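Here is the structure we will look at.
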Amino acid sequence: MRARVDAQLQLSHPYLRADVNLGRLRFHWPDTLQLGYVLAWLEPVSPSAASLAAQREQFLSFVEDRNRSLEEQLGQAAVSVEPWKDGGSKVTCFGVVAVEVSAPGGITDPWGQTSPSQLVYPALTKEFEKVDEPGGAIFYHSPAPLVYFFKTAPESLTFRNAVTGQPVAASPPPPPYKGEPFCIHPWFLERLRPKPGRTTLGPGPVKVDKDLIVEEGQTLEIRPGTRLLMGPEVSIYGRGKLLMEGTSSNPVEIVAATDR
355 MRARVDAQLQ LSHPYLRADV NLGRLRFHWP DTLQLGYVLA WLEPVSPSAA SLAAQREQFL
415 SFVEDRNRSL EEQLGQAAVS VEPWKDGGSK VTCFGVVAVE VSAPGGITDP WGQTSPSQLV
475 YPALTKEFEK VDEPGGAIFY HSPAPLVYFF KTAPESLTFR NAVTGQPVAA SPPPPPYKGE
535 PFCIHPWFLE RLRPKPGRTT LGPGPVKVDK DLIVEEGQTL EIRPGTRLLM GPEVSIYGRG
595 KLLMEGTSSN PVEIVAATDR
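The number in my numbering is simply the position in the sequence shown, starting from 1, with 354 added.
Structure below.
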């Protein structure tokens, strides 16, 4: 950073050295012109060549303070792990940033999908925190604990800060959050999962009030003449095969179930 700042200052110096006392002319007219004069003076321009060294130190000090604050904040990754049913793990993320969870043979989620690693995120409080700043009050959501479950043994799990990559040691579980967390993690979307094999919807009206997930190895068939009534904030996600066939006389319709 210092090298980049110095390089930019070197570009500015030749132009500012032409007049180290560079200023701008300012005028002031008294309330009444009967005094017979107008005030004029040369107002220094900042930063000028004479003040660049001080400006440089002030800027670098700000950058160092900001970087130190960001590093401290982004290093606040916290996670706990407890035994879960059938030899699985209960993982709680309660720091500021996400944590990468991995295991030597891969990590398996509650739906049986195995991957080399998974990201777990903290939730946010639904309530706002208020901080008074010189420019006015700032409102923000604070982190809150969020629980995840895996079908992988606790002793097999390792954790890393998802931002810095540094290892994270498991901590004791945090106190239960008494409020209602605000969470947008897709794991906590309510899901309507078709059974393995082939599932058929329709014909006729079908109300979908939960996310419809078609997993790998599954087939979802939507018959001609089916009218899907989609609830608020509900979607269809397809990792498997989705067959949807409509005709001019029996179309497949996807409409909102409410005005939302």
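Using N, Cα and C, we set each Cβ at its ideal position, and we do this for glycine too. Quick caveat: nothing in here was measured; it's all calculated off a predicted structure.
>> So, at 8 Å on beta carbons, what are the nonlocal neighbours of E544 in its own chain, with the 5 sequence-adjacent residues on each side left out?
In response: Within the sequence shown, residue 544 is the residue found at index 190, counting from 1. The predicted model places E544 with a pLDDT of 44, which falls under 50 and marks its position as unreliable; any figure quoted below should be read in that light. Cβ neighbours of E544 within its own chain (closer than 8 Å, five residues either side excluded): K564 and D565.
> On the three-pair Cβ rule with 8 Å, is the segment 528–538 touching the segment 551–571?
Replying inline: The segment 528–538 vs the segment 551–571: no contact.
> Can you list the beta strand (DSSP E) stretches of 3 or more residues lying completely in the segment 444–511, in chain order?
Replying inline: Secondary structure in the segment 444–511: the beta strand (DSSP E) runs of 3 residues or longer, each lying completely within the stretch, are 453–462, 468–474, 477–487, 490–498 and 500–504 in chain order.
> From E607, V453 and D419, pick the residue whose C-alpha is nearest to that of P559; which is it?
Replying inline: Position 205 of the sequence shown, counted from the start, is the residue given in the question as residue 559. Of the residues E607, V453 and D419, the one whose Cα lies closest to the Cα of P559 is E607.
> Buried or exposed: N515, going by 16 or more other Cβ atoms within 10 Å of its Cβ?
Replying inline: Here residue 515 refers to the residue found at position 161 when the sequence shown is read from its first residue. Around the beta-carbon of N515, 16 or more other beta-carbon atoms lie within 10 Å, marking it buried.
>> I'd like the span of the beta strand (DSSP E) that includes D565, first residue to last.
In response: Here residue 565 refers to the residue found at position 211 of the sequence shown. Its beta strand (DSSP E) spans residues D565 to V568.
>> Among Y475, G460, Q520 and D486, whose alpha-carbon lies nearest the alpha-carbon of P535?
In response: Counted from its first residue, the sequence shown places residue 535 at position 181. Closest by alpha carbon: Y475.
>> Going by C-alpha to C-alpha distance, which of S471, A491 and Q430 sits closest to S510?
In response: In the sequence shown, counting from the first residue as 1, residue 510 sits at position 156. Checked all of S471, A491 and Q430; the closest Cα to S510 is S471.
> Over what stretch of residues does the alpha helix (DSSP H) that includes E418 continue unbroken?
Replying inline: On the sequence shown, residue 418 is found 64 positions in, with the first residue counted as 1. Run containing E418: L406 to L428, per the alpha helix (DSSP H) assignment.
>> Taking only three categories from DSSP, how would you classify V560?
In response: The residue you call residue 560 lines up with position 206 of the sequence shown. V560: strand per DSSP, three-state reduction.
>> Given a cut-off of 8 Å on the beta-carbon distance, is the pair L330 and V568 in contact?
In response: Absent from the model: residue 330. The displayed extent of the chain is 355 to 614, so no value can be given.
> Which residue's Cα is closest to the Cα of E599: T612, R593, R577 and V588?
Replying inline: The count along the sequence shown starts at 1 and reaches residue 599 at position 245. Nearest to E599 by C-alpha distance, out of T612, R593, R577 and V588, is R577.
> Can you round the beta-carbon distance between V453 and V433 to whole angstroms, since I take them to be within the 8 Å contact cut?
Replying inline: Position 99 of the sequence shown, counted from the start, is the residue given in the question as residue 453. Position 79 of the sequence shown, counted from the start, is the residue given in the question as residue 433. Yes, they are in contact, since the Cβ atoms of V453 and V433 sit about 5 Å apart, within 8 Å.
>> Three or more C-beta pairs under 8 Å: does that hold for the segment 433–449 against the segment 493–508?
In response: These segments touch.
> Considering A610, what are the terminal residues of the beta strand (DSSP E) in which it resides?
Replying inline: Locating residue 610 in the sequence shown gives position 256, where the first residue counts as 1. Where A610 is concerned, the enclosing beta strand (DSSP E) stretches over E607 to A610.
>> With the cut-off set at 8 Å, would you say L428 and T518 are in Cβ contact?
In response: Locating residue 428 in the sequence shown gives position 74, counting from the first residue. Locating residue 518 in the sequence shown gives position 164, counting from the first residue. Cβ distance < 8 Å, so L428 and T518 count as in contact.
> Just the Cα atoms here: how many angstroms apart are I492 and V485?
Replying inline: By 1-based counting over the sequence shown, the position of residue 492 is 138. By 1-based counting over the sequence shown, the position of residue 485 is 131. A straight-line Cα-Cα distance of about 5 Å links I492 and V485.
> Can you tell me the Cα-Cα spacing of P468 and S443, whole angstroms?
Replying inline: To locate residue 468, count along the sequence shown from 1; it is residue 114. To locate residue 443, count along the sequence shown from 1; it is residue 89. In the sequence under discussion, the amino acid at residue 468 is Thr, which differs from the Pro named in the question. C-alpha separation (whole angstroms): 14 Å.
> Apart from the five residues just before and just after Y494, which ones in its own chain have a Cβ nearer than 8 Å to its Cβ?
Replying inline: Locating residue 494 in the sequence shown gives position 140, counting from the first residue. Around Y494: F482, E483 and V485.
>> Need the endpoints of the beta strand (DSSP E) that G551 sits in, please.
In response: Walking along the sequence shown from the start, residue 551 turns up at place 197. First-last of the beta strand (DSSP E) with G551: G551 to L555.
>> Let me confirm a value: T580 is counted as buried when at least 16 other C-beta atoms fall within 10 Å, else exposed. Which label applies?
In response: By one-based count along the sequence shown, residue 580 stands at place 226. Label assigned to T580: buried.
> For V359 versus R410, is the C-beta spacing smaller than 8 Å?
Replying inline: On the sequence shown, residue 359 is found 5 positions in, with the first residue counted as 1. On the sequence shown, residue 410 is found 56 positions in, with the first residue counted as 1. Yes, the Cβ-Cβ distance between V359 and R410 is below 8 Å.
>> Can you list, in chain order, the residues of its chain with a C-beta nearer than 6 Å to that of I590? Leave out the 5 residues immediately preceding and following it.
In response: Sequence index remark: in the sequence shown, residue 590 carries index 236 (1-based). For I590, where only same-chain residues beyond five positions count, the Cβ hits under 6 Å are L566.
> Does the beta-carbon distance from K595 to G533 come in below 8 Å?
Replying inline: As a first step, residue 595 is located in the sequence shown; it is residue number 241 there, counting from the start. As a first step, residue 533 is located in the sequence shown; it is residue number 179 there, counting from the start. Against a cut-off of 8 Å, the Cβ pair of G533 and K595 comes out as no contact.
> For E544, which of helix, strand or coil comes out of DSSP?
Replying inline: Indexing the sequence shown from 1 puts residue 544 at position 190. Residue confidence is low: E544 scores 44 on pLDDT, short of 50, so the model does not pin down where it sits. Its coordinate-derived value is still stated next. If DSSP states are grouped into helix, strand and coil, E544 belongs with coil.
> What does R514 pair with, by DSSP beta-bridge criteria?
Replying inline: Here residue 514 refers to the residue found at position 160 when the sequence shown is read from its first residue. For R514, DSSP records a beta bridge to E454 and P521.
> What number of angstroms, rounded off, separates the C-alpha of S496 from the C-alpha of F448?
Replying inline: As a position in the sequence shown, residue 496 is number 142, starting the count at 1. As a position in the sequence shown, residue 448 is number 94, starting the count at 1. About 10 Å.
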